[in-house]
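J.:
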Amino acid sequence: MSEEPAVVFVTGTAGAGKTTFVRAFAEWMKTSGYDASVVNLDPGLENAEFEPDVDIREWVRLADLQDEYGLGPNGAQVAAADMIALKIFEVKQAIAEADADYVLVDTPGQIELFAFREASKAIVEALGGDRALIAFLYDPGLARSASGFVSLLLLSASVEFRFRLPIVNVLTKSDVLTAEQLAEVLAWSDEPGRLDEAVGGPTATPDVQLSTELLRAIETMGPLTGLVPTSAKERTGLDAFYRECQRILAGGEDLEPSHEPVAE
Ligand SMILES: Nc1nc2c(ncn2[C@@H]2O[C@H](COP(=O)(O)OP(=O)(O)OP(=O)(O)O)[C@@H](O)[C@H]2O)c(=O)[nH]1
Ligand SMILES: [Mg+2]
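Numbering of the sequence shown is given in the numbering used here, commencing with residue 343 and proceeding in unit increments.
#1: Which residue's Cα is closest to the Cα of Val402: Ser489, Asp424 and Leu484?
#2: How many whole angstroms separate the CB atoms of Asp406 and Asp448, which I take to be in contact at a CB cut-off of 8 Å?
#3: For Gln523, which residues in the same chain have their Cβ closer than 6 Å to its Cβ, ignoring the five residues on either side in sequence?
#4: For the segment 396 to 440, list the alpha helix (DSSP H) runs that are entirely contained and at least 4 residues long, ordered along the chain.
#5: Using a Cβ distance threshold of 8 Å, determine whether the segment 373 to 383 contacts the segment 431 to 448, with at least three qualifying pairs required.
#6: Please report the distance separating the alpha-carbon of Val349 from that of Ala474.
#7: Among Thr554, Asp472, Glu533 and Ile560, whose alpha-carbon lies nearest the alpha-carbon of Ser500?
#8: Would you call the segment 350 to 365 and the segment 414 to 423 touching, i.e. three or more CB-CB distances under 8 Å?
#9: Pull up the CB-CB distance for Val518 and Tyr480, whole angstroms please, since I reckon it's below 8 Å.
#10: What number of angstroms, rounded off, separates the C-alpha of Glu393 from the C-alpha of Leu495?
#11: Could you tell me the boundaries of the beta strand (DSSP E) in which Tyr480 lies?
#12: What are the boundary residues of the beta strand (DSSP E) that includes Leu665?
#13: Identify which residue in Val466, Arg365 and Val510 has its Cα closest to the Cα of Cys587.
#14: In terms of alpha-carbon separation, which member of Val527, Gly414, Leu537 and Gly386 lies closest to Thr554?
#15: Cα separation between Gly412 and Ile465?
#16: Using a Cβ-Cβ cutoff of less than 7 Å, which residues in the same chain neighbour Glu388 once the five nearest sequence positions on both sides are dropped?
#17: By Cβ distance, which residues of its chain are closer than 7 Å to Asp532, with the 5 residues on each side in sequence left out?
#18: Taking the C-alpha atoms as reference points, what is the distance between Gly319 and Ser462?
#19: Look at the Cβ atom of Lys515, then the Cβ atom of Pro482, and state whether they are nearer than 8 Å.
#20: With a threshold of 7 Å, establish whether the CB of Lys463 neighbours any heavy atom of ligand 1.
#21: How many Å lie between Phe505 and Ala468 at the Cα?
#22: Between Val570 and chain B, is the shortest Cβ-Cβ distance under 8 Å, so that the two count as touching?
#23: Do Val527 and Leu446 have their beta-carbon atoms positioned less than 8 Å apart in this structure?
#24: Kindly indicate which three-state DSSP category Pro571 falls into: helix, strand or coil?
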């Protein structure tokens, strides 16, 4: 085992299921005998059931910023994003003290606060070390239509472009899709031609043309990587997500479970 933990940053559009996914995956890891700690980087998190090992709210709380500086919710989010960067070495220290093989990081709901602020780059660099990846979550509400799927591909590609880290694309809440819908969405990620067909209609309207051109640009960046379907509700796909992380972070070798698996 190397000394540096593997760090997984979980991002995606608001409500895509980040917090629920982090929680379910951490539980899956623990019951499978792996050692994981959970870091909450969302200063506005209000989920009382979620108990992270390291919590940014110890240093930066959205509600406090709103009260103290008279900021609205968006202004407070922006201020918080920069304040997190100032506390990042305290967070890093707390992560080191938790001393786990895997660190799962939940990020703020508004993806632009994570993906498009300079402070986040500093945060990802400080916490990521040399073994880090980003899990980009696809919300099925958007991913189930071809144009929504293309938009998510673009967003995922720009997150990859910003951070220059490997990306694992994850479909969340797969339990809300029918078997046919799920098969179609997975086919789009495995066979670009199928997505091309789905966005293209019988007539080349301007939006179809735009989707087709965007798709081409994404394809030239590299192969569309497979989408891992998961459901935190039904606890499915978490093992496949783990294998994908290991493939990227550990060159394929499996971690030795640090303790015996716990029966659920
Ligand atoms: N059916 C189903 N619902 C889910 C699943 N995962 C999350 N949800 C629901 O999706 C909603 C959003 O989940 P969160 O985990 O809070 O999503 P988030 O991306 O952390 O949201 P923000 O941080 O507020 O942007 C909640 O109502 C969850 O109960 C799942 O696997 N299946
Ligand atoms: Mg959340």
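All C-beta atoms, glycine included, are put in the ideal place defined by N, C-alpha and C.
T.: This is what the structure holds:
#1: The residue with the shortest Cα to Cα distance from Val402 is Asp424.
#2: Actually they are not in contact, since the Cβ atoms of Asp406 and Asp448 sit about 19 Å apart, beyond 8 Å.
#3: In its chain, beyond the 5 residues on either side, Arg486 have a beta carbon closer than 6 Å to the beta carbon of Gln523.
#4: 404 to 411, 415 to 428 and 430 to 440, all fully within the segment 396 to 440.
#5: Yes: at least three Cβ pairs fall under 8 Å.
#6: C-alpha separation (whole angstroms): 5 Å.
#7: Looking at the Cα atoms, Ile560 is the closest of the given residues.
#8: With the rule of 3 Cβ pairs closer than 8 Å, the segment 350 to 365 does not count as touching the segment 414 to 423.
#9: Val518 to Tyr480, Cβ: 12 Å. No contact.
#10: Rounded to the nearest whole angstrom, the C-alpha separation of Glu393 and Leu495 is 31 Å.
#11: Where Tyr480 is concerned, the enclosing beta strand (DSSP E) starts and stops at Ala474 to Tyr480.
#12: One cannot answer for residue 665 here, as it falls past the ends of the chain, which runs 343 to 606.
#13: Nearest C-alpha to Cys587 among Val466, Arg365 and Val510: Val510.
#14: Residue Leu537 is the option with its Cα nearest to Thr554.
#15: Rounded to the nearest angstrom, the two C-alpha atoms are 26 Å apart.
#16: Annotation for Glu388: no residue places its beta carbon closer than 7 Å to its own, counting only its chain and skipping 5 residues before and after.
#17: Correct list, in chain order: Gly568.
#18: Lying outside 343 to 606, the shown extent of the chain, residue 319 is not represented and no answer is given.
#19: In this structure, Lys515 places its C-beta atom within 8 Å of the C-beta atom of Pro482.
#20: Every heavy atom of ligand 1 is 7 Å or more from the Cβ of Lys463, so no.
#21: Straight-line Cα distance between these residues: approximately 12 Å.
#22: Absent from the structure is chain B; it holds one protein chain and no more.
#23: Against a cut-off of 8 Å, the Cβ pair of Val527 and Leu446 comes out as no contact.
#24: Residue state, collapsed to three classes: strand.
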